[in-house]
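**Student:** Read top to bottom, the protein sequences are chains A and B.
Heads up, the numbering used here is the position in the first sequence plus 109, with the first residue counted as 1.
Heads up, the numbering used here is the position in the second sequence plus 38, with the first residue counted as 1.
Backbone N, C-alpha and C define an ideal beta-carbon position, used for all residues, glycine too.
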Amino acid sequence: SQQGEEDPQALSIQEGENATMNCSYKTSINNLQWYRQNSGRGLVHLILIRSNEREKHSGRLRVTLDTSKKSSSLLITASRAADTASYFCATDAGYQKVTFGIGTKLQVIP
Amino acid sequence: EAGVTQSPTHLIKTRGQQATLRCSPISGHTSVYWYQQALGLGLQFLLWYDEGEERNRGNFPPRFSGRQFPNYSSELNVNALELEDSALYLCASSKDSFYGYTFGSGTRLTVV
Numbered sequence: 110s111q112q113g114e115e116d117p118q119a120l121s122i123q124e125g126e127n128a129t130m131n132c133s134y135k136t137s138i139n140n141l142q143w144y145r146q147n148s149g150r151g152l153v154h155l156i157l158i159r160s161n162e163r164e165k166h167s168g169r170l171r172v173t174l175d176t177s178k179k180s181s182s183l184l185i186t187a188s189r190a191a192d193t194a195s196y197f198c199a200t201d202a203g204y205q206k207v208t209f210g211i212g213t214k215l216q217v218i219p
Numbered sequence: 039e040a041g042v043t044q045s046p047t048h049l050i051k052t053r054g055q056q057a058t059l060r061c062s063p064i065s066g067h068t069s070v071y072w073y074q075q076a077l078g079l080g081l082q083f084l085l086w087y088d089e090g091e092e093r094n095r096g097n098f099p100p101r102f103s104g105r106q107f108p109n110y111s112s113e114l115n116v117n118a119l120e121l122e123d124s125a126l127y128l129c130a131s132s133k134d135s136f137y138g139y140t141f142g143s144g145t146r147l148t149v150v
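(1) Using a C-beta cutoff of 8 Å, does A/H166 count as contacting chain B?
(2) Helix, strand or coil, according to DSSP, for B/E122 in the structure here?
(3) With distances taken Cα to Cα, identify the nearest neighbour of A/I122 among A/A187, A/S148, A/Q142 and A/T200.
(4) Determine the chain A residues that contact B/Y139 at a beta-carbon separation under 9 Å, and present them in chain order.
(5) Should A/L215 be flagged as near chain B, meaning a C-beta pair shorter than 8 Å?
(6) So the beta strand (DSSP E) A/T129 belongs to, where does it begin and stop?
(7) If distances are taken between C-alpha atoms only, which option among A/Q146, A/I211, A/V172 and A/Q142 comes closest to A/A191?
(8) Mark B/G78 as exposed unless 16 or more other C-beta atoms lie within 10 angstroms of its C-beta, in which case mark it buried.
(9) For B/S143 and chain A, any beta-carbon pair shorter than 8 Å?
(10) Examine chain A for any beta-carbon lying closer than 8 Å to the beta-carbon of B/P49, and answer yes or no.
(11) Looking at chain A, is there any beta carbon in it that lies within less than 8 Å of the beta carbon of B/F98?
(12) Whose Cβ in chain B lies nearer than 7 Å to the Cβ of A/I211?
(13) Residues of chain B with CB closer than 7 Å to the CB of A/G149, please, in chain order.
(14) In chain A, what lies closer than 9 Å to B/F83 by C-beta?
(15) Would the segment 119-136 of chain B and the segment 55-72 of chain B be scored as touching if the rule is three or more Cβ pairs under 8 Å?
(16) Under the assumption that B/F141 contacts B/L121 (Cβ atoms under 8 Å), give the Cβ distance between them as a whole number of angstroms.
Next up, the structure:
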């Protein structure tokens, strides 16, 4: 069963615009992670935010976590064509139980 | 540092056959995780191995099994293959999920 659910399922933007993806989950978590997947290949770990953190930055990525609403968002600023990929959130509820959502497909149009 | 390596990249099998998929974790990582990603779906957790032991498994039938070797590499075996087993099988390793996972490029299994 899926713990995290990404929204929207698909997103198409112009190069240079910002992209925002959301993730909602159901149970308490230790941390939440975001991954990128290009064309059905392996996933690349982007950023991890712990349950006691509210915001985290890494380059053009900004992640927020609201544990009261059980939701997270991933913002990619100044998007590039190379950012075209599927983005997954993964929730770690402890005991190595990391559950992935079904992903958001992002298309950045040059 | 070498990443997580998976072999083979592609595998085509006939229904009823057995498939064996292999994974080598990053050096120093003792945990190996297997996930199934069917077309258009998210990742479904299959198995977690740590220190040679199966620690947890997802909601998959017993014909999905595996093992972890003393060098921490791992093997996933799928017996009595069914058409719906066609998917991308991803292996990941970590020191601890507290730090996130490193994924391999996957094995695409096609059952015909």
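**Tutor:** Quick answer:
(1) The C-beta of A/H166 comes no closer than 8 Å to any C-beta of chain B.
(2) The answer is helix: DSSP assigns B/E122 an H, G or I state.
(3) Comparing Cα-Cα distances from A/I122 to each of A/A187, A/S148, A/Q142 and A/T200, the minimum goes to A/A187.
(4) Near B/Y139 (Cβ distances below 9 Å), the residues of chain A are Q142, Y144, L152, H154, A199 and V207.
(5) So, not an interface residue.
(6) Element bounds for A/T129: A128 to S133.
(7) Of A/Q146, A/I211, A/V172 and A/Q142, the residue nearest in Cα terms is A/Q146.
(8) B/G78 is classed as exposed because its beta carbon has fewer than 16 other beta carbons within 10 Å across all chains shown.
(9) Contact of B/S143 with chain A is assigned, a C-beta pair being separated by under 8 Å.
(10) For the sequence presented, residue 49 of chain B should be read as Leu rather than Pro. B/L49 does not count as touching chain A.
(11) B/F98 does not count as touching chain A.
(12) Neighbours of A/I211 in chain B, taken as residues at a C-beta separation under 7 Å, are given in chain order as L79 and G80.
(13) Chain B residues near A/G149: L126.
(14) Ordered by position in chain A, the residues that pass the 9 Å Cβ test against B/F83 are K206, V207, T208 and F209.
(15) The segment 119-136 of chain B makes contact with the segment 55-72 of chain B: 3 or more CB pairs, one atom from each, lie closer than 8 Å.
(16) Actually they are not in contact, since the Cβ atoms of B/F141 and B/L121 sit about 25 Å apart, beyond 8 Å.
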